[in-house]
Amino acid sequence: MKPKINAILTLLLAFIVQLTFAQTKTVSGTISDSSGPLPGVVVLIKGTKQGTETNFDGEYSIKVSTGAILQISYIGMKTVEKTVGSANVINIVMEEDSEVLQEVVVTALGISKEKRAVGYAITSVKGDDISNTQAVNPMTALQGKVSGVEISTAPGPGATQNVIIRGASSFGNNQPLYIVDGIPITNEQNRSGNDLNAQVDFGSGINSINPNDIENLSVLKGAAATALYGSRAANGVILITTKSGKNGALQINFDSSYSMSRVGHLPENQDQFGQGWSGDRALDENGNWGAAYDGKDRIWGNIVNNSQQIKPYVYLKDNLRNFYEYGENIKNSLSLSGGNETNTYYLSLSQNEVDGVIPTDQDSYKRYTISTRASHKVNKLKLSSSINFSKENTKAVPSGQGTSLLRSLNEIANDISIVDLKNLNNPFNNLDNYFTPYGVNPYYILNNDGADQEKYKFFGKFEVDYNFLDNLKLTYRFSGDFETSLAQTHTGIISHSPDSPNFGSSNETPGKYRETRRNRSQFSHDIMVNYNESLSENFDFSATAGFNLNERRYDWLYGEISSIDIPKFYNLDNSLTPSTSDQYKEERKLFGAYLSLDFNYKNYLFLNITGRNDWSSTLPLENNSFYYGGQTLSFILTDFLKDQDIDTGIFSFTKFRIAYGSTGNDTEPYNIYDRYVPSFSSHPNYPDIDDLEFPLAGVNSYSASNKLGNSNLKPEKTNEFEVGIENRMFNNRIGFEFSYYNRFTKGLIEDLPLDPSSGYTLVTTNLGDVRNKGIELSVDVTPIKTEDFNWNISWVYSQNKNKVERLDVDEVFLAGFGDGNGFYAIEGMPLGQFKFTTSEKVTIGNEEFTVVDGNGNPQQTTDPVLLGKDANEKYRMGFTNTLKWKGLSLTATVDVRKGGHIYSGTKDYMHWTGSSPESVLNDRNAFLIPNSVVRNSDGSYSENNIPVNPTALHTFYSNGGFEGESYAIIDRSYIKLRNVTMAYAIPQSLCKKLKVNAINLSLTANNFLLWTPKENPYIDPETTTFGNDVDAKFGEYNANPSNEVYTFGVNIKL
Amino acid sequence: MKTYILKITLVFLLIFTGSCESYLDINQNPNTLTDTDTPKILLPGAQAGLGNMLMGFDLGFGGAFWTQYWTQSYTASQFKTLCEYEATGFDDAYQEFTAVILNDFKRMKVLSTEAENQGYYYIAETMSIFTWQVMTDLWGDIPYSEALKGDEGIISPKFDNGEDIYADLMTRIDALLAIDVSELSIDSKFDFFYEGNMTEWKKFANSVKLKLMIRQSETAGYNNAALVTFIQNNSFLTNSAKIAGTAWSDDEEGKRHPMREFQEGGANYLSTNVIGSKSFIDYLNTNNDPRLDILFTAPSGGHLGAFFGDFDSKADSSLSGTDDEDEEYSEALFTDTMDLIVMSDWEINFIKAEVFARANDMTNAKKYYDMGVAASLVQNTIAATTITSTGGYAEWNNGTLEENLERIALQKWVANANYQHTESLIERNRTKYPAVNNIDVKSDRNDAFLNFPVGNLTVSVNGRDKTNGNLPSSPVYPADVLARNTNAPSQKVDLLEKVWWDKKAGK
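Line order of the protein sequences matches chains L and P.
Position one of the first sequence corresponds to residue 265 (this note's numbering), numbered consecutively onward.
Position one of the second sequence corresponds to residue 115 (this note's numbering), numbered consecutively onward.
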């Protein structure tokens, strides 16, 4: 670490020394705006405190050296910077500061447009706003700031960012398409294990982007906005433009930050009962079902060498919290850029090292990036290139069932100090003598199990622009993204000495090791022709036509051994049984042709028409072509009125927009044809059990696939209608933007589970239709704006209503458990309905009774029932408050989510271990289920008089208590103080002494306050272990807890 | 200007349109076998799959619990729901039987149109009939006539009633038995059961028919004389249809006997979840049956079984000074070369014994009964047949018909342990032996311990109220079937619904 910083500093010093100063002279001129000369305009030599003001006639004069930059600023006007050249007279015409009115946004295909001309909702975020949050990964920075976009992320360092724009409209893939400088980015998640077992999230492709490289990020939400990107953009597009070199002197930017993190939200525990089972204190148990705490010194654990440990029998507060340590993150980023009339260049390097809150560096993330961009102009030809390289190392602690770290921690009763178990050389703590045979010392797990990935990503482009004429341009772009990763996961040996207390424990394992190589690549060729023409004085026209060819490949190969011979040596040879291996590869191609026409009338009426046809390799050959497109209209009322010489009063800018568009979408490869797969016979229900596999006794075998081929598959189509209004008032002090959209996805392609009686278990088919409609609102207000002090409030609000309008079947299982408890799509209801078994109810007379079994416990329903709870929120919103006083600024973002439900495996598990706060009802004495009845053999019911057995409360609670299995579905609402940033720009005078252009310091705190409803004392409701798609909304299964992060950052501009 | 556009467009059209079709034709999955013309490659998987379904998850466990070879241990919980009669559909087994095993038999038949492949057709059809019988014996009325036709567009096959399914299975087996097998042959390497010996397969087919016939013993249409004739005029299997224990590689994951996989693979089901049930252990122990030590590992204090379906008990039923939950119980034992049996030689002998007993032909009844017990002892590596000799507890004694039926059924119950748990469950439904004793363990545990009804089953201690004092008869419908099939009937009320041939009075 240290040598690197030194190297960077040396480099910086070298640049500083090279800076030289030129000759001094006097420059004068007049400053005016469209209505005439401006008095009192500040003219400052940039980077100094030297300056002057214009006189009553708008004239100024200043002594300055050539090459220096004059900074001309005036309230309500855009600040102008002018480099002093050979001229001695510099006259400036200032423009009204209506930044938003002139805002330029990047739209589909990277075409920059004035935002006013755009007929659909587009949100643009500046690079600085992203890097200022000090987020390691770019999408995290947008949480709570962009309306209509849901961003959630798993807690581990380097984890995947799950982004859903305008609600889920697919049962499967809902992730947007990421485009960086015209390069489509592979953003698949790399993952080990599965939803329930040894789950490891190694992050996705977008994680490799250095946030400091981002100049601008645009979110294209609707179908009309994304149609030109073709079928891949059906879920929206995140368009990232990175920084590039500009004509001018060398610019050096250096960012550095140090963060500290600590474990965030942890579940609440009951504090009345300690270790034991069935109500008795039992020294070998892994639950809190023991006797009430009495504070007396008592022996605990196993007898080792004729001695036993002693400790007070009391509840230990913060027992779990103390296990975690402070994590840290060191970030450095350096960029160099510059250029001249014909050449520009940009080079950036970044380094990022995160060590998470779990002791040791078993949860860590290291990322190194290099980016270069260059362009060269020769007459009508412009060549440009972009090359980006990243290396990411992710180490993660697997979550889920079995002896996972979190389960091991959860299974320690709250009277046993976790940190005291740390010393594994202590004979009481080692594997043989650890206090329970049902669990394993978590510190042992930490060193024994592990998962890490090394990933290299390389993406870039080569682009040629040729201007045949001033208004006719041809662009050819070749772009590619290649990533390769090597992941290894291992479970070490757990064994016990034959005479030890834990011998024969079911946790014993011969260990396991797997190494997986994954490659993903995609290559695109784009050819585009741009043409524009003024048809008349008031009427402009432009057209873009193009072809796009996209090829994607994915393959993996793994080798595995399922027993380890020599401990701690993880190699495929280190096993007494032969290693096994498996492989997969896929390839898909897409070809598209498109046309986009723009008409502009008097700069207040804009019409855009786009059309695209795609041919996809994943659809049936005779059905693989599909056409779609969109039309948008934007009308700027204020400009229209001004054109008619009508005063718009307090309204600075009012725009109405309307859009209708459609996008088509293809499917994953290999859904069309029937096939034979290697034969195996399933052994379900437990993670460590392998299916019965071939070859067996020297014979191999195949089986007809359970997946039915579907040669009638058609592309799915999304139609979206959208209207919006954008309004700014009181000279830009108050503004709002409102959108309404109605998106209908027809013929949704999804796996339809089949009744196995049909001979098949699933078919990929056009299953149904889903509608998402909603509103997005963003408001910003600047209540105070003076020269020194500025207060800005912004509020974003989104509401999405999702409905499965048609489904060919009653329901589709989306995620959950093998017994049918899970998360479904059901016709007529929002996507993601929870169906779980629950306590059986019966209505006798007018009263509802709980049916109990013969032991006084609620009887569970035979099959899962619909709970009337779904994953979708009522609304989400974010508030951002920014206060600026001179160089000091304070920003805070609060993120609110209301409504929706989530499955919490943590709650489920805490009910099993008896640590949940709900498990101390009636002080664990016997109680009768209120209003309960038993079913008699003749089908009638009689009143229940058997109380819940106090010695079997673990059964009562682990079956869900009063509610049955459905009890683990809890409210998903939260309020989060997402981000607080205090930033300070060092005064120019000091900067000058230090010979730098600017120094900015910042202090940032992320995620440090979280409010959840009373129903959820368990988890951070954003946590997920179910991948990065619709499934991710299902919930968490013993996920690691989330973190709070505190960052100190420095930014230096040379 | 216009010429530019024209030229550019022309160039692209030339490049792309010409080769577009073949360029996009890359959608055959390279990871799987696209097609095959040989049925043999499907056979080993289907045979092993069938064996696994009958003795693995769910039914290897479900059968062992419901016929009380085993019960859930006091301190673990994996199989509690099965042992307290919570409704189960055995969903995994249903799916594997239909979408994997039966579908592969169907595919084998489709691929066997050529004359040289008729051997595969014969095997696939026999095993298909065998499997369908298991299906309807377990779940009762199920999709049959329209089943396995997803590729023909039928994704919600209609349900047929069990009796109709039986009638069709009888028609199918008769048609099959009309085929002359002497000309048929297959590649011996791909046949785990009989190494391509078609004469053996003919015997297997006869045995399948015999089993279809005897299952109807309690129905109105049953004609015992027809079975006597059928037995006298045909030959039946003398070698169990099985994956021989030599096929396993016990030190490799996924290549072990299924029960070994559940133990050795890391789940430790047999050592931590499964303990011997008192119903079975006491029967073998009281009678000094030598199979006890082969089927179970004895704890240091000698064999001990637990009350069936007893959890959360703080009591000391034996008054030994140790609570029930802390006692050491007998553990189920599977060796690394355990055979995985689909149809056994003892099973056929016991059916024959029963048919002759019903015909009051005591000579033949005794003969086949003794052969059945002997076959079981041999399977358990025991040479001595003293238990059926004079004075042995299992001696044939020409009793009344009911006594004879019980004697056969009890020996079948013992013989099926560790080998045919599914068959054990189905046959108990038919014969109602071992009989059920009504003893309420909870009301006086010590009395229940001391005066345990040896040779009977008991009702699960904790499941008593769920089935109103009855044993479960059949699984409910799997959720996957009910939810995905628009022609599905409503769910069964509980586990007490009986299949059509389950007519005998008794629990």
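Just so you know, even glycine gets a beta-carbon here, dropped at the ideal spot from N, CA and C.
None of these values were measured; they are calculated from a predicted model.
Checklist entry - Any heavy atom of the ligand SAM closer than 7 Å to the CB of Ile473(L)? => result Only the bare structure without any ligand can be found here, which leaves the ligand SAM out of the picture.
Item to check | Interface flag, Leu1031(L) vs chain P, CB-CB below 8 Å | outcome: As a working note, residue 1031(L) is residue 767 in the first sequence. So, not an interface residue.
Checklist entry - In or out: Tyr591(P) buried (at least 16 other Cβ within 10 Å) or exposed? => result By one-based count along the second sequence, residue 591(P) stands at place 477. Tyr591(P) is buried by the Cβ-count criterion.
Checklist entry - Going along the segment 835-846 of chain L in order, which residues come within less than 9 Å of chain P, judged by CB to CB distance? => result Leu840, Thr841, Pro842, Thr844
Checklist entry - Under the rule that 16 or more other beta-carbon atoms within 10 Å means buried, what is Thr274(L), buried or exposed? => result Mapped onto the first sequence, residue 274(L) falls at position 10. Residue confidence is low: Thr274(L) scores 48 on pLDDT, short of 50, so the model does not pin down where it sits. No coordinate-derived value is stated.
Next on the checklist: For Phe304(P), would you say it is in contact with chain L, using Cβ-to-Cβ distances shorter than 8 Å as the test?
Outcome noted: Numbered from its first residue, the second sequence carries residue 304(P) at position 190. Yes, because at least one Cβ of chain L sits closer than 8 Å to the Cβ of Phe304(P).
Item to check | beta strand (DSSP E) segments (min. 3 residues) lying fully within the segment 998-1053 of chain L | outcome: 998-1017, 1026-1049
Next on the checklist: DSSP has Trp541(L) in a bridge; who is on the other side?
Outcome noted: The count along the first sequence starts at 1 and reaches residue 541(L) at position 277. Its beta-bridge partners are Asp544(L).
Item to check | Residues in the segment 1103-1120 of chain L having any Cβ partner in chain P nearer than 7 Å | outcome: Asp1117, Gly1118, Asn1119
Checklist entry - Which chain L residues sit within Cβ distance under 7 Å of Gly139(P)? => result Locating residue 139(P) in the second sequence gives position 25, where the first residue counts as 1. Here the sequence assigns Asp to residue 139(P), which means Gly is not the residue at that position. By Cβ distance, chain L contributes Leu885.
Checklist entry - So, Gly1323(L) versus Tyr1005(L), is the Cβ gap smaller than 8 Å? => result Chain L is shown from 265 up to 1318; residue 1323(L) falls before or after that span and cannot be answered.
Next on the checklist: Using a 10 Å radius around the Cβ and a threshold of 16 neighbouring Cβ atoms, would you call Ile900(L) buried or exposed?
Outcome noted: As a working note, residue 900(L) is residue 636 in the first sequence. That one is buried.
Item to check | DSSP bridge partner residues for Arg741(L) (one or two, in chain order) | outcome: Taking the first sequence and counting its residues from 1, one reaches residue 741(L) at position 477. Paired residue(s): Glu727(L), Asp790(L).
Checklist entry - Taking Leu298(P) as the reference, which of Leu291(P), Ala289(P), Leu290(P), Met312(P) has the closest Cα? => result Here residue 298(P) refers to the residue found at position 184 when the second sequence is read from its first residue. Ranking Leu291(P), Ala289(P), Leu290(P), Met312(P) by Cα distance to Leu298(P) puts Met312(P) first.
Item to check | Cβ-Cβ separation, Pro1017(L) to Asp594(P) (assumed contact under 8 Å), whole Å | outcome: Locating residue 594(P) in the second sequence gives position 480, counting from the first residue. Locating residue 1017(L) in the first sequence gives position 753, counting from the first residue. Confirmed, Cβ separation roughly 7 Å.
Checklist entry - Taking 8 Å as the CB-CB limit, is His640(L) close to chain P? => result Start at 1 with the first residue of the first sequence, and residue 640(L) comes out as number 376. It does not; no Cβ of chain P falls within 8 Å.
Checklist entry - What is the residue span of the alpha helix (DSSP H) that Asp484(P) lies within? => result Here residue 484(P) refers to the residue found at position 370 of the second sequence. Per DSSP, Asp484(P) belongs to the alpha helix (DSSP H) from 476-493.
Checklist entry - chain P partners of Ile828(L), CB-CB under 8 Å? => result Here residue 828(L) refers to the residue found at position 564 of the first sequence. Residues of chain P passing the Cβ test: none, with the nearest at roughly 13 Å.
Next on the checklist: Give me the chain P residues within the contact set of Ala1216(L), using Cβ-Cβ distance strictly less than 8 Å, ordered along the chain.
Outcome noted: Translated into the one-based positions of the first sequence, residue 1216(L) becomes position 952. By Cβ distance, chain P contributes Phe425, Asp426.
Item to check | Contact with chain P by Ile567(L), beta-carbon distance below 8 Å | outcome: Within the first sequence, the letter at position 303 stands for residue 567(L). No - not a single Cβ of chain P is within 8 Å of the one on Ile567(L).
Checklist entry - Can you tell which of Pro301(L), Gly391(L), Lys390(L), Ile386(L) has its C-alpha closest to the C-alpha of Glu359(L)? => result Here residue 359(L) refers to the residue found at position 95 when the first sequence is read from its first residue. The shortest Cα separation from Glu359(L) among Pro301(L), Gly391(L), Lys390(L), Ile386(L) belongs to Pro301(L).
Item to check | Whole-number beta carbon distance between Gly359(P) and Asp954(L), since they are thought to touch under 8 Å | outcome: Sequence index remark: in the first sequence, residue 954(L) carries index 690 (1-based). Sequence index remark: in the second sequence, residue 359(P) carries index 245 (1-based). Actually they are not in contact, since the Cβ atoms of Asp954(L) and Gly359(P) sit about 19 Å apart, beyond 8 Å.
Next on the checklist: Does chain L have any CB closer than 8 Å to the CB of Lys369(P)?
Outcome noted: Numbered from its first residue, the second sequence carries residue 369(P) at position 255. Yes, its Cβ sits closer than 8 Å to a Cβ of chain L.
Checklist entry - Three or more beta-carbon pairs under 8 Å between the segment 423-438 of chain P and the segment 203-223 of chain P, yes or no? => result no
Next on the checklist: Check whether chain P comes within 8 Å of Trp820(L), counting only Cβ atoms and requiring the distance to be less than that.
Outcome noted: Residue mapping note: residue 820(L) aligns to position 556 of the first sequence, counting from 1. Chain P contact via Cβ: absent.
Item to check | Cβ of Leu564(P) within 8 Å of any chain L Cβ | outcome: The residue labelled residue 564(P) in the question sits at position 450 within the second sequence. Not closer than 8 Å to any Cβ of chain L, the Cβ of Leu564(P) fails to qualify, so no.
Checklist entry - Straight-line CA distance for Asn814(L) to Tyr137(P)? => result Position 550 of the first sequence holds residue 814(L). Position 23 of the second sequence holds residue 137(P). Cα to Cα, the separation comes out at about 12 Å.
Checklist entry - DSSP puts Tyr940(L) in a beta bridge; with which residues? => result As a first step, residue 940(L) is located in the first sequence; it is residue number 676 there, counting from the start. Paired residues: Ala968(L), Leu147(P).
Next on the checklist: Using beta carbons (cut-off 8 Å, strictly below), is Ile280(L) in contact with chain P?
Outcome noted: By 1-based counting over the first sequence, the position of residue 280(L) is 16. Residue placement at Ile280(L) is flagged as unreliable, the pLDDT there being 42, under the threshold of 50; the coordinate-derived value follows with that caveat. Taking Cβ atoms only, chain P never reaches closer than 8 Å to Ile280(L), which makes this a no.
Item to check | Proximal residues to Thr1311(L) (C-beta, below 6 Å), its chain only, five neighbours per side dropped | outcome: Counting from one through the first sequence, the residue named residue 1311(L) turns up at place 1047. Cβ within range, chain order: Gln398, Ser521, Ser523, Thr1268.
Item to check | Within chain P, the residues that Thr318(L) reaches when beta carbons sit closer than 7 Å | outcome: Along the first sequence, one-based indexing puts residue 318(L) at 54. By Cβ distance, chain P contributes nothing, its closest Cβ being about 47 Å from Thr318(L), past 7 Å.
Next on the checklist: Going by DSSP in three states, Val364(L) sits in which element: helix, strand or coil?
Outcome noted: Indexing the first sequence from 1 puts residue 364(L) at position 100. Per-residue confidence for Val364(L) stands at a pLDDT of 43, beneath the threshold of 50, marking its modelled position as unreliable; the derived number appears in the next sentence. Correct three-state label for Val364(L): coil.
Checklist entry - For Ala381(L), which three-state DSSP category applies? => result Locating residue 381(L) in the first sequence gives position 117, counting from the first residue. Helix, per DSSP.
Checklist entry - With DSSP run on the structure shown, which of helix, strand or coil describes Glu367(P)? => result Within the second sequence, residue 367(P) is the residue found at index 253, counting from 1. It is coil, neither helix nor strand.
Item to check | Proximal residues of chain P, C-beta to C-beta of Lys853(L) below 8 Å | outcome: Looking up residue 853(L) in the first sequence gives position 589. Those are Tyr137, Leu138, Ile140, listed as they occur along chain P.
Item to check | Proximal residues, the segment 717-744 of chain L versus chain P, C-beta separation under 7 Å | outcome: Phe732, Leu733, Leu736, Leu738
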